[in-house]
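The structure under discussion appears below in the form of structure tokens.
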DNA sequence: ATTTGTGAACATGTTCACAGCT
DNA sequence: AGCTGTGAACATGTTCACAAAT
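Protein chains in written order, with this note's numbering: chain A, 3 to 202; chain B, 3 to 202.
In structure tokens form, the structure reads like this:
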């Protein structure tokens, strides 16, 4: 909206863009403080900036990519990560044939170097794209080296100590959700809503 | 559990495996019917079978992959989809250099053939892996041809008519969730819980 | 006139705790 | 004795509706 030249925006318009209600937007924002001006709405630039801070996105996040297979490669090339402030700064694998190669200037290192690299590059977050059977072992090493957040693409349920955040993305599971939604049950509660209800 | 030879399982054990509580498991199951035997628990094989039916997973789902780029390629090679009952049976792209090639015996076709292919192969679900700028256009065509479910990997908010299910996977967003969780706020409400609470 | 921020009302989701069955 | 299925109690999340601010 900033790029579109908008200087101010109401909860109603925000809600429309995002697929929720105006009241919801206001209540959600209110949990973090007071952002708007009554009668006017929210100042786009300052709202954006405050939200970036709340979400921890004011900084760039250096990311370790674990697994230089096909999925790892697709992730590495995925331009959206960088655009959104996440930069893959190291790639780790255990296959000797891959170690030593570079992707776009980023060297693929041995997983054994994980401790050294993570410390040197101050990495806190890792993208795990290894086979499911290796995922828990890799994650244990990562956590041991001080990684605090993990985005896991392997279809494996990971066990991590308190204080480490894991986010799982399982594409087969997402397809299963669609499968259920298409069942002979009509519209399913909990389905993604695309329609906007707004204040009366 | 079936492979492990278990013939019967309690809500408590199911809950542990899945990261929730025994009461939650029982309540959730009860919404779909009555599956267990008091005093004994659930019969593994029959529970599995009933759940497969409820989720619509008793059948194989033929899937159309839209976009033969890097992400599309990674998805196509991803063995887990097939293992979980989803088989990519056609690949559509608009790049003439890709059309006509085959991946592992599956021909890449022009997106213009979408209607014909979807009908012939009885495809109801598509995996959209095209650039964000093209996503809405592609989805409109898919919906026009009778696709009922879409798993969207492009970071674009899609508008679809009622009766079509869309599921969005946005990796940058998942990293943002981690970014927020790592903020100086301690443990965050809504975070994935790994600890199991069970009935007393 | 317009729009926020927020208690209060309402709705949905989770846990408790126990009767009822094996 | 052990475990399910489920109302009732409790907790969390959403919407309403309006006073306060510009």
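Here a beta-carbon is modelled for each residue, glycine too, at the ideal position from N, C-alpha and C. In this text, all values refer to a predicted model and were calculated from it rather than measured experimentally.
Considering only C-alpha positions, which residue in the set the options is nearest to residue i?
i: residue 107 (chain A); options: A:118, A:159, A:89 and A:134; result: A:89
i: residue 67 (chain B); options: B:53, B:180 and B:155; result: B:155
i: residue 18 (chain B); options: A:92, A:167, A:174 and A:161; result: A:161
i: residue 21 (chain B); options: A:176, A:174, A:185 and A:158; result: A:158
i: residue 91 (chain B); options: B:83, B:98 and B:97; result: B:83
i: residue 93 (chain A); options: A:109, A:54, A:177 and A:81; result: A:109
i: residue 50 (chain B); options: B:178, B:61 and B:4; result: B:4
i: residue 168 (chain B); options: B:87, B:77 and B:153; result: B:153
i: residue 116 (chain A); options: A:136, A:133, A:143 and A:179; result: A:143
i: residue 54 (chain B); options: B:87, B:65, B:23 and B:77; result: B:87
i: residue 81 (chain A); options: B:118, B:61, B:173 and B:85; result: B:173
i: residue 147 (chain A); options: A:113, A:179, A:175 and A:177; result: A:113
I need the straight-line Cα distance from residue i to residue j, nearest angstrom please.
i: residue 141 (chain B); j: residue 27 (chain A); result: 28 Å
i: residue 103 (chain A); j: residue 95 (chain A); result: 11 Å
i: residue 40 (chain A); j: residue 11 (chain A); result: 12 Å
i: residue 256 (chain A); j: residue 129 (chain A); result: For chain A, the structure presents residues 3 to 202; residue 256 (chain A) sits outside this window and is missing.
i: residue 125 (chain B); j: residue 52 (chain A); result: 45 Å
i: residue 187 (chain B); j: residue 170 (chain A); result: Annotation note: pLDDT 48 at residue 187 (chain B) (below 50); position unreliable, coordinate value reported separately. Taking the straight line from one Cα to the other gives about 21 Å.
i: residue 183 (chain A); j: residue 13 (chain A); result: 30 Å
i: residue 138 (chain B); j: residue 75 (chain A); result: 25 Å
i: residue 9 (chain A); j: residue 33 (chain A); result: 23 Å
i: residue 198 (chain A); j: residue 131 (chain A); result: Note that residue 198 (chain A) has pLDDT 32, beneath the 50 cutoff, so the model's placement of it is unreliable and no number is given.
i: residue 120 (chain A); j: residue 58 (chain B); result: 43 Å
i: residue 70 (chain B); j: residue 56 (chain A); result: 37 Å
i: residue 6 (chain A); j: residue 77 (chain B); result: 34 Å
i: residue 122 (chain A); j: residue 105 (chain A); result: 20 Å
i: residue 175 (chain A); j: residue 97 (chain B); result: 30 Å
i: residue 16 (chain B); j: residue 30 (chain B); result: 12 Å
i: residue 177 (chain B); j: residue 60 (chain A); result: 14 Å
Assuming residue i and residue j form a contact by the criterion Cβ under 8 Å, report the distance between their Cβ atoms to the nearest whole angstrom.
i: residue 151 (chain B); j: residue 127 (chain B); result: 4 Å
i: residue 99 (chain B); j: residue 79 (chain A); result: Rounded, the Cβ-Cβ distance is 17 Å, inconsistent with contact.
i: residue 44 (chain A); j: residue 38 (chain A); result: 4 Å
i: residue 181 (chain B); j: residue 63 (chain A); result: 6 Å
i: residue 101 (chain A); j: residue 85 (chain A); result: With a Cβ gap of about 29 Å, residue 101 (chain A) and residue 85 (chain A) do not count as contacting.
Enumerated in chain order, which unbroken segments of the alpha helix (DSSP H) with a length of 4 residues or greater are wholly contained in the segment 121 to 191 of chain B?
134 to 146 and 173 to 184
If the cut-off is 7 Å on Cβ atoms, which residues from the segment 147 to 160 of chain A count as contacting chain B, listed in chain order?
Only those residues of the segment 147 to 160 of chain A whose C-beta falls short of 7 Å from the nearest C-beta of chain B are listed: 150, 151, 153 and 157.
At what residue ranges does the segment 52 to 129 of chain B contain a whole run of the alpha helix (DSSP H), taking only runs of 4 or more?
Runs of the alpha helix (DSSP H) lying entirely within the segment 52 to 129 of chain B, each at least 4 residues long, are 72 to 79, 81 to 85 and 116 to 122 in chain order.
What are the residues in the segment 49 to 75 of chain A lying within 8 Å of chain B by C-beta distance?
56, 57, 58, 59, 63, 65, 72, 73 and 75
Compile a chain-ordered list of the residues in the segment 26 to 46 of chain B whose CB is closer than 9 Å to at least one CB of chain A.
none
Name, going along the chain, the residues of the segment 170 to 185 of chain A whose beta-carbon falls closer than 9 Å to a beta-carbon of chain B.
170, 171, 172, 173, 174, 175, 176, 177, 178, 179, 180, 181, 182, 183, 184 and 185
Near-chain A residues of the segment 82 to 100 of chain B (beta-carbon distance less than 7 Å), N- to C-terminal order:
Residues of the segment 82 to 100 of chain B that bring their beta carbon within less than 7 Å of a beta carbon in chain A comprise 82, 83, 86 and 88, in sequence order.
When Cβ atoms are compared, which residues of the segment 6 to 23 of chain A fall closer than 9 Å to chain B?
So the list reads 19, 20 and 21, given in the order they occur along the chain.
Scan the segment 120 to 135 of chain A for residues whose Cβ lies nearer than 7 Å to a Cβ of chain B and list them as they occur along the chain.
126 and 127
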